[in-house]
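J.: Here my numbering is used: the first residue of the sequence shown is 27, the next is one more, and so on. Before I ask anything, here is the structure I am working with.
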Amino acid sequence: MAANEGERARRRLSTQERREQLLSVGARLFSESPYDDVWIERVAEIAGVSRGLLYHYFPNKRDFFAAVVERESGRMLRMTAPVPGVPVREQLAAGLDTYLTYVETHAHGFRAFHRADAAGDQAVRRVYQRALADQERQILAALAADPEFGPGFEESGSARLAVRGWLAFTTAVCLEWLREGTPERDEVRELCARALLGVIA
Numbered sequence: 027m028a029a030n031e032g033e034r035a036r037r038r039l040s041t042q043e044r045r046e047q048l049l050s051v052g053a054r055l056f057s058e059s060p061y062d063d064v065w066i067e068r069v070a071e072i073a074g075v076s077r078g079l080l081y082h083y084f085p086n087k088r089d090f091f092a093a094v095v096e097r098e099s100g101r102m103l104r105m106t107a108p109v110p111g112v113p114v115r116e117q118l119a120a121g122l123d124t125y126l127t128y129v130e131t132h133a134h135g136f137r138a139f140h141r142a143d144a145a146g147d148q149a150v151r152r153v154y155q156r157a158l159a160d161q162e163r164q165i166l167a168a169l170a171a172d173p174e175f176g177p178g179f180e181e182s183g184s185a186r187l188a189v190r191g192w193l194a195f196t197t198a199v200c201l202e203w204l205r206e207g208t209p210e211r212d213e214v215r216e217l218c219a220r221a222l223l224g225v226i227a
């Protein structure tokens, strides 16, 4: 096999691998620039594919950005899924550690996910709002399953509002942490833990 043929073979990706590659490039670009400033042509160029191939996976930029947001949302939900039968207070520090690991490891995706709310496209904003609602439901379900809080907690309007506010607080703290690099990770975890326990008390 000629050298250039071997190189092409090494670059050949499966459909899923190619899709993940494109979403990773998109996460980086959307995290660095507003939605309107990201060009599909640039995504294709960085990924080393034709624009036509990118459109084969994603019909338009809105669908592409929505897919980036959905991927990051799913990743966050999986990484922070509660452990049945373990009290929330015991899970909180470990859960936040996992969340902060995600924030550090997938910083571009985290930033891109939270840029979606500022996107002018209403369809994209709806994807983002659904993703936040999924996070909110996951936290409320974990609290409702804990005897300390009980099933009624999940149906409480004030509890729902408190969790929503905590998610906004935690997002702001993590975005600032990524930008400034301070305070230390343990301090960020403790700050977010105290905030949640405070709002649900």
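Using N, Cα and C, we set each Cβ at its ideal position, and we do this for glycine too. Bear in mind the structure is a predicted one, so any value in this text is a computation, not a measurement.
Between the beta-carbon of F91 and the beta-carbon of G121, is there less than 8 Å?
T.: As a working mapping, residue 91 is identified with position 65 in the sequence shown. As a working mapping, residue 121 is identified with position 95 in the sequence shown. Between F91 and G121, the C-beta gap is not smaller than 8 Å, which leaves the two residues out of contact.
J.: May I ask you to report which of helix, strand or coil DSSP gives A227?
T.: Looking up residue 227 in the sequence shown gives position 201. If DSSP states are grouped into helix, strand and coil, A227 belongs with coil.
J.: In terms of residues, what are the limits of the alpha helix (DSSP H) holding L48?
T.: Within the sequence shown, residue 48 is the residue found at index 22, counting from 1. For L48, the enclosing alpha helix (DSSP H) starts and ends at T41 to E58.
J.: Does H132 pass the burial test, meaning 16 or more other C-beta atoms within 10 Å, or should it be called exposed?
T.: Sequence index remark: in the sequence shown, residue 132 carries index 106 (1-based). So H132 counts as buried.
J.: Could you spell out where the alpha helix (DSSP H) holding G9 opens and where it closes?
T.: This structure cannot settle anything about residue 9, because the visible part of the chain is limited to 27 through 227.
J.: If you run the structure through DSSP and keep just helix, strand and coil, what is Q164?
T.: One-based indexing of the sequence shown puts residue 164 at position 138. In the structure shown, Q164 sits in a helix (DSSP, three-state: H, G or I).
J.: Tell me whether the beta-carbon of L48 lies closer than 8 Å to the beta-carbon of V69.
T.: Here residue 48 corresponds to residue number 22 of the sequence shown, with the count starting at 1. Here residue 69 corresponds to residue number 43 of the sequence shown, with the count starting at 1. Cβ atoms of L48 and V69: closer than 8 Å.
J.: If distances are taken between C-alpha atoms only, which option among L118, L222 and G111 comes closest to A188?
T.: Translated into the one-based positions of the sequence shown, residue 188 becomes position 162. With distances taken between Cα atoms, A188 lies closest to L222.
J.: Does the beta-carbon distance from R45 to Y83 come in below 8 Å?
T.: As a working note, residue 45 is residue 19 in the sequence shown. As a working note, residue 83 is residue 57 in the sequence shown. Yes; because the gap between Cβ atoms is below 8 Å, this pair is in contact.
J.: Report the residue from E174, R163 and R151 whose alpha carbon sits nearest the alpha carbon of L193.
T.: For the purposes of this step, residue 193 is taken as the residue at position 167 of the sequence shown. Closest by alpha carbon: R163.
J.: Which word fits R54, buried or exposed, when buried means at least 16 other C-beta atoms lie within 10 angstroms of its C-beta?
T.: Counting from one through the sequence shown, the residue named residue 54 turns up at place 28. Buried: at least 16 other Cβ atoms inside 10 Å.
J.: According to the neighbour-count rule (16 or more other Cβ atoms, all chains shown, within 10 Å of its Cβ), is L169 buried or exposed?
T.: Here residue 169 refers to the residue found at position 143 of the sequence shown. That one is buried.
J.: Please state whether the Cβ-Cβ distance between R88 and V129 is less than 8 Å.
T.: For this step, residue 88 is matched to residue 62 along the sequence shown. For this step, residue 129 is matched to residue 103 along the sequence shown. In this structure, V129 does not lie closer than 8 Å to R88 by Cβ.
J.: Which residues in the same chain as Q155 place their Cβ atom closer than 6 Å to its Cβ, once the five residues preceding and following it in sequence are excluded?
T.: For the purposes of this step, residue 155 is taken as residue 129 along the sequence shown, with counting starting at 1. So no residue of the chain qualifies.
J.: Cα-Cα, which of F179, E98, E206 and E216 is closest to H134?
T.: Along the sequence shown, one-based indexing puts residue 134 at 108. Of the listed residues, the one whose Cα sits closest to H134 is E98.
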